[in-house]
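S.K.:
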Amino acid sequence: MNMCSKCYRDHRLKEDQSVTVRAFVEKSLSSTSLLIHESVSEEPKYKSDEAVVVSAESSTKAANRCMSCNKKVGIVGFKCKCGSTFCGSHRFPEEHSCTYDFKVAAEVVIAKQNPKVFADKLHKI
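When the count follows the UniProt record's numbering, it moves up by one through the sequence shown with no breaks and lands on 125 for the last residue.
(1) Considering only residues of the same chain and omitting the five flanking positions on each side of V108, which have a CB-CB separation below 7 Å?
(2) Quick check on DSSP: helix, strand or coil for K79?
(3) On the DSSP bridge list, what partners appear for R65?
(4) Which one or two residues does DSSP pair with T85 in a beta bridge?
(5) Which of the three DSSP states is assigned to S97 in this structure?
(6) Taking the C-alpha atoms as reference points, what is the distance between F86 and V117?
(7) Within 8 Å, do at least three Cβ pairs link the segment 86-95 to the segment 65-72?
(8) Within 10 angstroms of the Cβ of residue 131, are there 16 or more other Cβ atoms? Answer buried if so, exposed if not.
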């Protein structure tokens, strides 16, 4: 392309801006088509949003109590990998019959971190 570093930077900047503009235009076009589809079915949308809000409120209230003994835990609650909150006496997986399999999770992590490498066979001369 025979450009100096300054010209090349300017050229790349213009390309990046054009890509951003194209993405914005495509997104706005797709959102207008979504708005048309949403306006047709507006009534069911509001009813489902209300149900989501109610369920979100109940889950925040339950997070302040131990799932085993229902004791208030406040800020000291321990969040388990199974997704529940527990008090100090039920924080260990053995105490609350945790369904999360720590052994399999550790094996998966180790397998991802240390992939097996197979060397090519050496041909004898």
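Backbone N, C-alpha and C define an ideal beta-carbon position, used for all residues, glycine too.
M.R.: Considering the structure as presented:
(1) Looking up residue 108 in the sequence shown gives position 108. Non-local C-beta neighbours of V108 in its own chain, meaning closer than 7 Å and more than five positions away in sequence, are absent.
(2) Within the sequence shown, the letter at position 79 stands for residue 79. Under the three-state reduction of DSSP output, K79 falls in the strand class.
(3) The sequence position of residue 65 within the sequence shown is 65, counting from 1. In DSSP, R65 forms a bridge with K72.
(4) Here residue 85 is taken as the residue at index 85 of the sequence shown, counted from 1. Looking at the DSSP assignment, T85 forms a beta bridge with K79.
(5) As a first step, residue 97 must be located in the sequence shown, where it is residue number 97. Shown here, S97 sits in coil according to DSSP, grouped into three states, outside any helix or strand.
(6) As a working mapping, residue 86 is identified with position 86 in the sequence shown. As a working mapping, residue 117 is identified with position 117 in the sequence shown. F86 and V117 have their alpha carbons spaced roughly 42 Å apart.
(7) In this structure the segment 65-72 lies against the segment 86-95, because at least three pairs of beta carbons, one per stretch, are closer than 8 Å.
(8) Outside the modelled stretch of the chain, which goes from 1 to 125, sits residue 131, for which no answer is possible.
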